[in-house]
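Count the sequence shown with the numbering used here and you get residues 1 to 173, in order. Inspection log for the structure reproduced underneath, given as structure tokens.
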Amino acid sequence: MLLIGDIMTSNPYTLRADNSLTDARVLMAQHRIRHIPIVDDEMQLIGLLTQRDILAAQTSCLLSLSENRRIEQENEIQLGELMRTRVLTIDLHAGIRAAAQILFKHRIGCLPVTEQSKLVGIITDSDFVAVAIHLLELEEETDPPEQDELDDDSLSGLSADLPPQVRTDNGDE
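Pasting the structure below:
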């Protein structure tokens with residue numbers, strides 16, 4: 001049985017509640033990530049910030065501002081104001097099926113992974129796509145390749161349907 005620890009991203013990028021919205025945007029852009037766990041000094045998870053949270057913040061209060069004022073405002077907004085504090089997590093030693101069921105049931109894109117209340121990783125929907133691809137590749141390796149050509153036995157029943165000019169042997173014209 002595969003465990004969360006087998007497929008998660010260990011030591012994910014994190015920020016603190018007093019980091020700015022700009023810090024989060026830069027981190028997400030640099031590392032092409034969509035979820036940032038927010039932790040305290042002891043690496044205990046205190047919240048989660050998603051790309052969707054950032055878009056919501058921009059839509060609600062930043063769009064009407066000039067570019068310079070928007071940048072200033074993003075530097076002033078702390079993640080503690082934006083982060084989700086009710087975050088589903090999963091234990092490092094749980095099975096991946098449990099994680100998949102949680103992601104699917106709650107329609108979320110990630111689960112922070114904890115061990116003894118400390119953040120140790122993150123598992124995302126992308127991790128499950130990678131597992132699915134790997135399983136499909138394994139299946140292709142074990143299945144015999146499909147035949148591109150029909151064998152002689154499967155062709156013999158077809159000759160009755162062929163026009164006389166095409167029929168061969170076994171009594172057909």
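Backbone N, C-alpha and C define an ideal beta-carbon position, used for all residues, glycine too. Keep in mind the model is a prediction, meaning the values are calculated, not measured.
Below 8 Å on the Cβ atoms is my guess for G121 versus V129; work out the distance and round it to an integer in Å.
-> Contact flag wrong, Cβ pair sits at about 17 Å.
So I46 packs on V39, CB below 8 Å; how close in whole Å?
-> At roughly 6 Å, the Cβ-Cβ gap stays under 8 Å, so I46 and V39 are in contact.
Evaluate contact between the region 91-100 and the region 15-26, counting only Cβ atoms and requiring at least three cross-stretch pairs below 8 Å.
-> These segments do not touch.
Measuring alpha carbon to alpha carbon, tell me which of L55, D91, Q51, L82 ends up nearest S117.
-> Proximity to S117 across L55, D91, Q51, L82 peaks at D91, based on C-alpha coordinates.
Less than 8 Å between the CB atoms is what I'm expecting for L103 and L111, so what's the real figure, rounded?
-> Their Cβ separation, rounded to whole angstroms, is 7 Å, which keeps L103 and L111 in contact under 8 Å.
Local conformation of S126 per DSSP, three classes = Looking at S126 - three-state DSSP - the assignment turns out to be helix.
Sequence-distant residues of the same chain with beta carbon closer than 8 Å to G109, five excluded per side = Taken in chain order, the residues that qualify are R34, H35, T50, L103, T124, D125.
Report the option in Q78, A17, A57, T89 whose CA atom is closest to the CA atom of E115.
-> Comparing Cα positions, the closest option is T89.
With burial defined as no fewer than 16 other Cβ atoms inside 10 Å of the residue's Cβ, what is the status of M1: buried or exposed?
-> It counts as exposed.
Assign A132 to one of two classes, buried (16 or more other C-beta atoms within 10 Å of its C-beta) or exposed (fewer than that).
-> Its Cβ having fewer than 16 others within 10 Å, A132 is exposed.
E115 (DSSP reduced to helix, strand or coil) = Here E115 sits in strand by DSSP.
Can you tell me which of M83, A99, L55, R107 puts its alpha carbon nearest to the alpha carbon of T14?
-> Among M83, A99, L55, R107, the Cα nearest to that of T14 is on M83.
Go ahead and label E74 buried or exposed: buried means 16 or more other beta carbons lie within 10 angstroms of its beta carbon, across all protein chains shown.
-> Label assigned to E74: buried.
Just confirm the distance between the C-beta atoms of L79 and A17, as a whole number of angstroms; I'd bet it's less than 8 Å.
-> Correct: roughly 6 Å between the Cβ atoms.
Could you tell me which residues DSSP pairs with H35 in its beta bridges?
-> Per DSSP, T50.
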